[in-house]
Structure formats: C-alpha cells, structure tokens
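Residue numbers (this note's numbering): 557 to 847.
Each residue gets a CB set at the ideal place from its N, CA and C atoms; glycine is no exception.
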Amino acid sequence: MVPTLQLCAETHLLVMVARKVGGGFHYGGSGNTLGAVTAPLFEIEDLHVRTAGPDGAEILRGVDLTIEAGEIHALMGPNGSGKSTLASVLLGSPDYEVTGGRIRFKGDDLADWGPDDRGKAGMFLAFQYPQAIPGVSVINFLRQALSARKGIDLSVLELRLAIMEWMERLDMDPSFGDRYLNEGFSGGEKKRNEILQMAILEPEMAILDETDSGLDIDALRVVAKGVREVQADRPDLGLLVVTHYQRLLDEIRPSHVHLLIEGRIVESGGMDLVTRLDAEGYESWRTPAAP
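Below, the structure is given as structure tokens:
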C-alpha cells in the first residue's frame with residue numbers, strides 16, 4: 557500500500573491519492589455564492605511565515621499574489637528569498653508557521669486545512685527534489701491515485717491504457733511504470749514523473765517548485781512541453797512556476813512574472829521583467845533607491 561497520507565518528500569503529497577471526483581468534499585463557506593460573483597482560483601494576501609518552533613525565523617514578510625483560472629505565474633528570486641518556503645506553505649507543510657495573512661483557494665480560507673484537505677480539493681505540488689519510495693511502483697502509485705479519485709478499483713491494465721499516451725508525450729519508456737517511484741531515476745526522469753502525476757491527477761491548481769533544477773536543456777524542453785500539453789488539455793489549470801532561470805520561462809511563457817526578494821514580492825510584470833532581470837541581476841532590487 558502507499559504510505560500514510562502526509563506532507564513529506566517521501567510520499568510526494570500522497571494526499572492527491574485521496575482526491576475524489578465531482579466535488580465529493582465540502583468545506584465551510586463553499587456554498588456561499590452570490591450570483592455572478594466568482595472568487596479567484598487562488599489568492600495569497602499579506603502572507604507572513606516563519607519556521608516552526610519557539611525560535612522560528614521569519615521568512616515571508618507580506619506576500620500578495622492572485623492567480624486566476626488558466627493563468628501561468630512565474631516566481632523568481634535569489635537563493636534564500638523564500639520561494640520554496642512559499643511553495644511548501646501553500647500545501648500546508650508543518651515545517652512552517654503562518655503568522656499573518658490569508659491563503660484562499662476558490663474563495664475558501666485554507667487556514668484550517670491540512671495537506672490532505674488541500675490535496676482533496678485539487679491542489680498539487682511538484683517537488684524540487686522528489687524522493688524515492690522503495691517498494692511502490694509508478695504504476696501502482698498511479699493506480700491507487702486514480703482508483704481513489706474515481707471511486708472504483710482500477711486494474712493495472714486499465715491504468716496502463718490510461719497513461720500510455722501521457723508517457724509517450726513525456727518521452728517515457730513504457731517500462732518506466734514498473735520501476736519503484738523515483739528509485740534510481742535520473743533528474744530528468746524524476747521531473748517527468750512529476751508532470752505525469754500532474755497530468756493523471758488533474759488538479760485545479762499546480763505549484764511547480766524549481767522543476768527545472770538539475771535538468772540539461774533537452775530534458776528541460778521535454779518537461780516544459782509536458783507542462784504545456786497538460787495545460788492545453790486543462791485550460792482552466794492555474795500554475796505557479798517557481799524557478800531561478802529564464803530558460804524554463806522561455807519554454808512555458810508565463811502570463812505573469814513576480815520577483816521575490818527577502819520574503820516580499822518587490823515587482824511584477826511579464827516576460828519583459830525576466831529579460832530585465834537577466835540583464836541586471838537581483839542587486840538592482842536589493843539596493844535601496846538613492847535619496
């Protein structure tokens with residue numbers, strides 16, 4: 557069996573395994589709708605976060621971000637700026653404490669939602685460093701995930717037929733499905749497996765935490781192509797892509813780009829911001845303006 561659902565790298569947020577079709581889960585506030593008023597898909601409002609524990613250090617210092625359905629947002633910043641912290645906090649990591657602000661998904665406040673609730677509701681996180689799960693094959697992991705989502709017990713044969721197209725689109729050998737999850741995988745194989753999971757589990761909001769980390773240019777293009785195809789199949793999918801590098805964004809072409817410096821989003825724009833960042837570096841935003 558797949559390990560207990562929890563937020564940890566070893567299980568890659570197996571909370572997604574428990575997701576059900578057709579809105580089988582209800583959360584307080586979700587029934588309060590007003591005619592044509594529609595909440596954004598995902599909202600972060602004045603978010604303050606520190607590491608968990610009595611001596612926790614503040615990392616995020618008032619982050620604001622709104623993502624509508626179908627939008628691709630990129631989050632860039634130097635090491636230590638809080639990018640991966642933000643990704644982990646959005647999925648409910650117990651390693652961090654939210655000390656202020658709000659996170660909303662389709663209008664619902666996530667303050668009291670654990671990682672399992674967020675996964676069931678349709679959120680997904682692709683890790684920067686996916687960890688191996690010995691003894692659990694890719695095919696069995698996905699079979700359990702799809703069986704739980706559809707409410708039926710899918711056979712391995714049914715799953716192979718269901719994922720064959722995606723494995724081909726992600727340039728994955730069919731024998732890949734029989735290997736243990738991420739065990740002995742190359743960096744490119746791990747990242748393609750993350751995108752395969754995103755395609756099969758069909759989240760509404762996906763967060764890709766430095767998916768380009770450790771990839772050569774050919775592997776990056778395969779992964780970026782997979783991301784584009786997932787969004788083409790699911791045009792309402794919201795994406796938050798965390799990255800250091802322009803090359804991934806050149807492939808994915810985000811609609812919005814945000815720069816995170818010292819725990820705050822200091823500027824937002826489009827691909828022009830990426831070009832400016834490539835030319836000027838981060839110091840232009842770190843250095844206070846002259847009086």
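If I measure Cβ to Cβ from residue 615 and keep anything under 8 angstroms in the same chain, skipping five residues before and after, which residues do I get? Here residue 615 corresponds to residue number 59 of the sequence shown, with the count starting at 1. Within the same chain, residue 615 has close Cβ partners 605, 606, 607, 638, 641, 652 and 819.
For residue 703, name the three-state secondary structure that DSSP assigns. Here residue 703 is taken as the residue at index 147 of the sequence shown, counted from 1. Residue 703: helix per DSSP, three-state reduction.
Mark residue 717 as exposed unless 16 or more other C-beta atoms lie within 10 angstroms of its C-beta, in which case mark it buried. Counted from its first residue, the sequence shown places residue 717 at position 161. That one is exposed.
To the nearest angstrom, how far is the alpha carbon of residue 776 from that of residue 720? Position 220 of the sequence shown, counted from the start, is the residue given in the question as residue 776. Position 164 of the sequence shown, counted from the start, is the residue given in the question as residue 720. If you take the alpha carbons of residue 776 and residue 720, they lie about 21 angstroms apart.
Can you give me the Cβ contacts of residue 755 inside the same chain, cut-off strictly under 6 angstroms, excluding the 5 residues immediately before and after it? Start at 1 with the first residue of the sequence shown, and residue 755 comes out as number 199. Excluding sequence neighbours, residue 755 sits near 722 and 786.
Determine the burial state of residue 767: buried for a count of at least 16 other Cβ atoms within 10 Å of its Cβ, exposed for fewer. Taking the sequence shown and counting its residues from 1, the one referred to as residue 767 is at position 211. Of the other Cβ atoms in all chains shown, 16 or more fall within 10 Å of the Cβ of residue 767; this residue is therefore buried.
Go through its chain and collect everything with a Cβ distance to residue 727's Cβ below 8 angstroms, but skip five positions before and after it. The sequence position of residue 727 within the sequence shown is 171, counting from 1. If the five residues before and after residue 727 are omitted, its C-beta is found closer than 8 angstroms to the C-beta atoms of 748 and 778, all from its own chain and listed in chain order.
Same chain, Cβ closer than 7 angstroms to residue 666, neighbours up to 5 away in sequence not counted: Taking the first residue of the sequence shown as position 1, residue 666 is located at position 110. In the same chain as residue 666, and ignoring 5 residues on each side of it, the C-beta atoms closer than 7 angstroms to its own belong to 659, 660 and 674, in chain order.
Taking the alpha-carbon positions, what's the residue 609 to residue 731 distance? Locating residue 609 in the sequence shown gives position 53, counting from the first residue. Locating residue 731 in the sequence shown gives position 175, counting from the first residue. Using only the alpha carbons, I get a separation of about 44 angstroms.
Pull the bridge partners of residue 814 from the DSSP assignment, please. As a working mapping, residue 814 is identified with position 258 in the sequence shown. Partner(s): 631 and 824.
Just to confirm, is the Cβ distance from residue 814 to residue 821 under 8 angstroms? Position 258 of the sequence shown, counting from 1, holds the residue named residue 814. Position 265 of the sequence shown, counting from 1, holds the residue named residue 821. Taking 8 angstroms as the Cβ cut-off, residue 814 and residue 821 qualify as a contacting pair.
Can you name, in chain order, every residue of its own chain whose Cβ lies under 8 angstroms from the Cβ of residue 835, other than the five neighbours on each side? In the sequence shown, residue 835 corresponds to position 279, counting from 1. Cβ within range, chain order: n/a, list empty.
Are residue 782 and residue 743 closer than 8 angstroms when you measure CB to CB? The sequence position of residue 782 within the sequence shown is 226, counting from 1. The sequence position of residue 743 within the sequence shown is 187, counting from 1. For residue 782 and residue 743, no; Cβs fall outside 8 angstroms.
Taking C-beta to C-beta, are residue 738 and residue 686 nearer than 8 angstroms? The residue labelled residue 738 in the question sits at position 182 within the sequence shown. The residue labelled residue 686 in the question sits at position 130 within the sequence shown. Contact flag set, yes.
Skipping 5 residues on each side, what residues in its chain have a beta carbon closer than 8 angstroms to that of residue 850? Beyond the ends of the chain as shown, which are 557 and 847, falls residue 850; an answer cannot be given.
Between which two residues does the beta strand (DSSP E) harbouring residue 755 extend? Here residue 755 refers to the residue found at position 199 of the sequence shown. Not the beta strand (DSSP E): residue 755 falls in the alpha helix (DSSP H), residues 743-757.
Residue 690 (DSSP reduced to helix, strand or coil): Looking up residue 690 in the sequence shown gives position 134. Residue 690: strand per DSSP, three-state reduction.
Does the Cβ of residue 649 have 16 or more other Cβ atoms within 10 Å, making it buried, or fewer, making it exposed? Numbered from its first residue, the sequence shown carries residue 649 at position 93. Per the 10 Å Cβ criterion, buried.
Cβ-Cβ separation, residue 736 to residue 688 (assumed contact under 8 angstroms), whole Å: In the sequence shown, the residue the question calls residue 688 occupies position 132. In the sequence shown, the residue the question calls residue 736 occupies position 180. Contact flag correct, Cβ pair sits at about 7 angstroms.
Residues near residue 792 by beta carbon distance below 6 angstroms, same chain, minus five either side: For this step, residue 792 is matched to residue 236 along the sequence shown. For residue 792, where only same-chain residues beyond five positions count, the Cβ hits under 6 angstroms are 625 and 626.
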